[in-house]
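Residue numbers (full-length UniProt numbering): 1 to 277.
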Amino acid sequence: MTVSGASVTPDVLDGLSLPERVALLRSRMAAVPSRGETASVRIESSDPDPVRSDPIRSDFGEAEPIRAVRQRAVLPVPSALIDVLPHGGLVRGTVASVSGAGSLLIGLVAAVTGAGGHVAVIGQPRFGILAAVEMGAQLSKLALIPDPGPDPVEVAAILLDGVDLVVLGLGGMSVSPTRARAVVARARSKGSTLLVTDGHWDGAELRLDASVHGYDGLGTGLELGRGRLRGVRLSVCARGKAMRPRTVRLDLRSENGRIEWHAEEREQNPLSIAVST
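This is the structure:
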């Protein structure tokens, strides 16, 4: 078994009690240096099932399950989106795509810069800076390149060298599979994330699509369309190569001068309540 580069051979574990084995493995894992905002722990095993629920005894003598789940270093996202993403954030070293309502893209940028990460936005002359600030973005961590010239993909590839998140507006263009693979390899080697929008990118690991399904504050009846916009209701669908589509409904509400993200509360099914009681 290999724990993030630190190997523990079976002969080392021979002769140790179960609590001693657990303590040894924990000490080896604690000694592994972390990289980025989140620690990346990789456990490789010959077990064909990567998720195990075999109970073991902890140091306190209580049975607890071990779940050897592959984790990957990620960039932060708005908290309401964590559960819909397979790794709880934008995976470093990958390419993802975003389409639909612009609030989603702005929220992703705000989350990364708000946590101290650096972001470059390419080919998005109408990027909502004010909305990003209201969502918590730090402008000192944000670089805007509204007009990257005839080859925005090359500009993005260069910026992957030193920026945590690169947002690339394709302007309706389609990137060839050969070139896409080259940029993906670069992102992987640098540990940066590329987020493409307004075009087609073959082989994106994650695809996010946002659509507006309501507003708050625009009045009803004869007053419909009048008033101050207080909130937007979004539906975000996440699709990926190794995941089933997941959809979450979100409320973006203005609270104390800041736009906050909230997962929409769903009413519990009365039948399930009756069954549970």
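Glycine included, each C-beta is placed from N, C-alpha and C at the ideal position.
Predicted model, so just to flag it, every value in this text is computed and none were measured.
- When the Cα atoms are used, residue 85 and residue 246 turn out to be separated by approximately 8 Å.
- Contact annotation: residue 190 and residue 168 have beta-carbon atoms that are not nearer than 8 Å.
- Contact check for residue 96 against residue 193 passes: the beta carbons are separated by less than 8 Å.
- For residue 107, there is no enclosing beta strand (DSSP E); the enclosing alpha helix (DSSP H) has its first and last residue at 102–114.
- In this structure, the beta-carbon distance from residue 179 to residue 163 does not fall below 8 Å.
- Rounded to whole angstroms, the separation of the alpha carbons of residue 137 and residue 254 is 15 Å.
- Comparing alpha carbon positions, the residue from 264, 258 and 233 closest to residue 110 is 258.
- Under DSSP, residue 249 shares a beta bridge with 235.
- Taking the CA atoms as reference points, residue 82 sits about 6 Å from residue 89.
- The secondary-structure analysis by DSSP pairs residue 258 across a beta bridge with 255.
- Excluding sequence positions up to five before and after residue 174, its CB lies within less than 7 Å of the CB of 199 and 200, all in the same chain and listed in chain order.
- In the DSSP annotation of this structure, residue 163 is not part of any alpha helix (DSSP H), being labelled neither H nor E.
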